[in-house]
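Residue numbers 7 to 398, in the working numbering, belong to the letters of the sequence shown in order. These notes are about the structure you will find just below.
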Amino acid sequence: MHASAKQLTAKDFGLADGREQEDEEALDVLDLPQLHQRPRAETLLMTLADLSSQPASWDATPRNGTPTSPLSGTSTPLRRKRKIRSQGIPSYLTKIIASPLAWIEDDEQKECIWEAAAQRLSERSGRTAMGSISRTFVIPLQPDLPLSHDHSTGTTMTNENEIDASTDTIDGYLNLTLREPALTGDDLGLKTWASSYLLAKRVAVLQHTLPRLPQHASILELGAGTGLVGMAAAAILKRHVIMTDLPEIVPNLQHNARLSTEAIALHGGRVDCAVLDWMQPGAFFLDGMHEGQAHTFPLIFAADPIYGPEHPRLLAQAISYHLIENSDACAVVEMPLRDAYVAEREAFRQAMSDVGLVLHEDGQETGFDDWSSAVDDDLIEVTCWWSVWKRR
C-alpha cells in the first residue's frame, strides 16, 4: 500500500465520537480508594485493573457462549467487571502517578501501581495514545456458521506482553491473535479495521463462489496491515497466501504471521510476508517464491485499502498487474462507506473499469470500529461494502 503522511483522525473517516449512556448504578470516582486513606498496594492494583478499558467485541449480533480464555468476553461489547463513571477518572489516575506512595514500602509494588495508572490514563486518551495491544479474533471456517460469534473479543495486554490465547479451532472457528503496536497517524496498517474483520469472516461464505484454485496456487493480499484477512484466507481456502504491505508495516505483519503459523498449518494453509508498494507493483520479491513477475495470482484480497485520492488508481493498477489474465481470476475488496471518501470510492470503480475489471458480485454489511479520541469502550458502527471483481 502507498500511504500518505497525513495525520488522520476519526473525523477524517466520517466517524463521530460518542460516549454511551452511563449506568445509573455505576460507581463514582469518590467511591474508589482515595490516596489520603493510604490504601494497600493490592487494593490500588485491583482498582486499577477494574479501570482497564479493553478492546470490545466488534460483532453486531452476540450469541451466548463460553469464553475461549480468561481474558475473553461472552457478550458484545466486552465490559469491565465494575462499572465506574468516567468523570474524574483522569484526575484520579494523574494523582496516583504523581504520588510518592510513601506508605507503601515495597518499591516493586509502587512501580507496578504507577505503571498501571499510566496505562489506564493512556487508554482514556484514545487509540492513538495507547501502547501496544493484542486482540484475539475468532473466524468461522465454514459458510453455515454465523458470521457473528461472541468469542471474537479483543483483549489488551500492556508492555508488549502477548496474550496466552489458543490458536486452535474451536467448534469450527479459528482463533487468531494479532498484535497492534502503538498507532501513529500515518501508520494506519498497524491497526485492525472493521472491514478487515468483516472480510476475514466473509471468506468462508465466498469460498464456493470463488474460482477453483490449483493445488499449488498462491493468493496475494494487498495492504495486509495486521494480517487478519490473509491468515483467515490461508486457513479457510487451504492455500499459500502472500501478505504484502509497506516496509514500516511488514515487521509487525511478520510477527503476527509467526504467532498463527501452527494454527494455519493445521488447516492446510501457510502464509508469507513481503514488501509491496503500489507505486511500483513489479518491485516485489519473495525469495524462492516470487520475483515480481506479472499476472501470477488467481485470487487477490484487499481490505480498507483507500485513504487518499491517489489510492484508487494505484490499487487498481496493482490488482491488474498481479491478477492472472483469465476470466476465472478475481479480486475481493472490502472498504467502509465513509462519507469523507465518496469521491475515492467512485474513483476506485472507474479505475477498476479502466484496467478491464468488472464488478461480479457485491453487498453491504455492518461492523464496529474503536477509533476514538475518548475511551475505547465507545464502538462506532461502520457500514462496509464488499465487492468481487473479474476480468472483462
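C-beta atoms are modelled at their ideal positions from N, C-alpha and C, and glycine is treated no differently. Values in this document were obtained by computation on a predicted structure and should not be read as measured data.
Inter-residue spacing [alpha-carbon to alpha-carbon] between residue i and residue j
{"i": "Q40", "j": "A188", "result": "31 angstroms"}
{"i": "L36", "j": "A55", "result": "17 angstroms"}
{"i": "S97", "j": "K116", "result": "19 angstroms"}
{"i": "S333", "j": "A32", "result": "59 angstroms"}
{"i": "L212", "j": "P149", "result": "8 angstroms"}
{"i": "I47", "j": "G231", "result": "The sequence given here places Ala at residue 47; Ile does not occur at that position. Using only the alpha carbons, I get a separation of about 40 angstroms."}
{"i": "S138", "j": "D112", "result": "27 angstroms"}
{"i": "H301", "j": "L243", "result": "20 angstroms"}
Buried or exposed (CB count within 10 angstroms, at least 16 for buried), residue i
{"i": "S266", "result": "buried"}
{"i": "H328", "result": "buried"}
{"i": "H317", "result": "buried"}
{"i": "E114", "result": "exposed"}
{"i": "A180", "result": "Here the sequence assigns Leu to residue 180, which means Ala is not the residue at that position. By the 10 Å Cβ count, L180 comes out buried."}
{"i": "T215", "result": "exposed"}
{"i": "G369", "result": "exposed"}
{"i": "F354", "result": "buried"}
{"i": "Q221", "result": "exposed"}
Residue i - DSSP class collapsed to helix/strand/coil
{"i": "L38", "result": "coil"}
{"i": "M285", "result": "coil"}
{"i": "D376", "result": "coil"}
{"i": "P146", "result": "strand"}
{"i": "L234", "result": "helix"}
{"i": "L292", "result": "strand"}
{"i": "R276", "result": "strand"}
{"i": "L204", "result": "helix"}
{"i": "I242", "result": "helix"}
{"i": "I255", "result": "coil"}
{"i": "T389", "result": "strand"}
CB of residue i within 8 angstroms of CB of residue j, strictly
{"i": "G94", "j": "Y203", "result": "no"}
{"i": "E367", "j": "A308", "result": "no"}
{"i": "W395", "j": "L363", "result": "yes"}
{"i": "M341", "j": "I312", "result": "yes"}
{"i": "A210", "j": "L147", "result": "yes"}
{"i": "L320", "j": "M285", "result": "yes"}
{"i": "T198", "j": "L234", "result": "yes"}
{"i": "D330", "j": "A280", "result": "Just to set this straight, residue 330 is Ile in the shown sequence, not Asp. Contact flag unset, no."}
{"i": "A122", "j": "L51", "result": "yes"}
Which runs of the alpha helix (DSSP H) spanning at least 4 residues fall entirely within the segment 296 to 368, listed in chain order?
317 to 328 and 348 to 360
Which ranges does the alpha helix (DSSP H) cover as unbroken runs of at least 4 residues, wholly within the segment 92 to 133, from first to last along the chain?
Listed in chain order, the complete alpha helix (DSSP H) runs (minimum 4 residues) inside the segment 92 to 133 are 95 to 104 and 113 to 129.
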